[in-house]
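Numbering (our numbering), first residue to last: 1315 to 1444.
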């Protein structure tokens, strides 16, 4: 019961726009939020960034939203950021959507286009002469 009243007091401080609430939230829930992020990312720096992004997001969302359980609210935000980073990292390992053609293939395409223009010009010249 005391946890809920403590959460309520912290949420009220968000509503009052008391910036010191972020330090108190970090002291109370920071290690748990870090664990949530690090279990997904397995990277200390990225996990710390997710937790910091969580504090910023909570500052933006409260108010108007009043979460019934602050820890659950914060953990859900942290989890979302961590999953987004994990997906981004996974995407980069696959090439990140960039397609790189070897220079040899590009040279064939470029050289081929010159031959086409030469052929077209020769056909036009032949048509003009005859």
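Just so it is clear, CB atoms sit at the ideal spot from N, CA and C, and this is done for glycine as well.
>> Please give me, in chain order, every unbroken run of the beta strand (DSSP E) with length at least 3 that falls completely inside the stretch 1338-1369.
In response: Segments of the beta strand (DSSP E) lying fully in the stretch 1338-1369: there are none.
>> I need the boundaries of the alpha helix (DSSP H) containing residue 1405, first residue and last residue.
In response: 1384-1407
>> Measuring alpha carbon to alpha carbon, tell me which residue in 1319, 1348 and 1332 is nearest residue 1377.
In response: 1332
>> Only counting the same chain, and skipping five residues up and downstream in sequence, which positions put a Cβ closer than 6 Å to that of residue 1396?
In response: 1351, 1354, 1355 and 1364
> DSSP on residue 1332, reduced to helix/strand/coil?
Replying inline: If DSSP states are grouped into helix, strand and coil, residue 1332 belongs with coil.
> Under the rule that 16 or more other beta-carbon atoms within 10 Å means buried, what is residue 1341, buried or exposed?
Replying inline: Using a 10 angstroms sphere on the CB of residue 1341, the tally of other CB atoms stays under 16, which defines it as exposed.
> So, helix, strand or coil for residue 1371, using DSSP?
Replying inline: helix
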